[in-house]
């Protein structure tokens, strides 16, 4: 009798934990081959959540400039990368310097990601003639059984025309310490991280975030 109650209690706890993870976002687990050829799963880590840097960079006593800090925190120079877009063209982040970049990490199986995609399309339509670039980075490494062609079909079926890049092996996602989807970085015209948002946004929030960086 006690054993059945214990099992029932454990099942309730598991359901609650699963529900909480779904509400807070879609967890990112990237499968990658090890040297032995086996698969491992990279679990999300607590320290993977980028936040604003707490302490300013130290200035040398001799007055010389410090080395430019590259990282994932607000105020850091954003990591450069090159990925393929929907048409197979190579797009590098550094080539977009001079424009505000709205970079959103997403996956087609993630309900909050799908929920905010119409707003991303609306933002793209609104800002495409201004100094703002929308980059929707699909983390293809997590797409369960889908390739880029299948994701492209998903986008076409839903009428989405905003730029999409494919992180085939998940390396860019890991570099930016994204542990749950959707996750959005806003990068200023000089290539520095200006904001980080974890979770889905509505159009009004997206617009306010972009305007704050576009017109500081």
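In the UniProt record's numbering, the protein residues as written are 1 to 216.
Ideal Cβ positions, reconstructed from N, Cα and C, are used throughout, including at glycine.
Just so it is clear, the structure is predicted and the values come from calculations on it, not from any experiment.
Leaving aside the five residues before and after residue i along the sequence, list all residues of the same chain whose C-beta is less than 7 Å from its C-beta, in chain order.
{"i": "residue 203", "result": "119, 122, 123"}
{"i": "residue 168", "result": "140, 141"}
{"i": "residue 70", "result": "76, 77, 79"}
First and last residue of the beta strand (DSSP E) that includes residue i?
{"i": "residue 185", "result": "183–187"}
{"i": "residue 133", "result": "132–138"}
With a threshold of 8 Å on Cβ separation, who are the neighbours of residue i within its own chain once the five nearest residues in sequence on each side are excluded?
{"i": "residue 211", "result": "none"}
{"i": "residue 85", "result": "91, 163, 164, 165, 166"}
{"i": "residue 147", "result": "140"}
{"i": "residue 109", "result": "26, 142, 143, 144"}
Report buried or exposed for residue i, applying the criterion of at least 16 other Cβ atoms within 10 angstroms of its Cβ.
{"i": "residue 92", "result": "exposed"}
{"i": "residue 156", "result": "exposed"}
{"i": "residue 138", "result": "buried"}
{"i": "residue 215", "result": "exposed"}
{"i": "residue 82", "result": "exposed"}
{"i": "residue 116", "result": "buried"}
{"i": "residue 98", "result": "exposed"}
{"i": "residue 88", "result": "exposed"}
{"i": "residue 159", "result": "exposed"}
{"i": "residue 183", "result": "buried"}
{"i": "residue 149", "result": "exposed"}
{"i": "residue 103", "result": "buried"}
Report back the beta-carbon spacing between residue i and residue j to the nearest angstrom; my notes put them in contact at under 8 Å.
{"i": "residue 113", "j": "residue 181", "result": "5 Å"}
{"i": "residue 195", "j": "residue 209", "result": "6 Å"}
{"i": "residue 101", "j": "residue 74", "result": "That pair is no contact at about 14 Å."}
{"i": "residue 105", "j": "residue 178", "result": "5 Å"}
{"i": "residue 186", "j": "residue 72", "result": "No, residue 186 and residue 72 are not in contact; Cβ-Cβ is about 13 Å, not under 8 Å."}
{"i": "residue 94", "j": "residue 191", "result": "7 Å"}
Using a Cβ-Cβ cutoff of less than 6 Å, which residues in the same chain neighbour residue i once the five nearest sequence positions on both sides are dropped?
{"i": "residue 172", "result": "81"}
{"i": "residue 152", "result": "86"}
{"i": "residue 176", "result": "72"}
3-residue-minimum beta strand (DSSP E) runs that sit fully inside the UniProt domain "Thioredoxin" (72–215), ordered along the chain: Runs of the beta strand (DSSP E) inside the UniProt domain "Thioredoxin" (72–215): 82–85, 90–92, 100–106, 132–138, 164–166, 183–187, 193–198.
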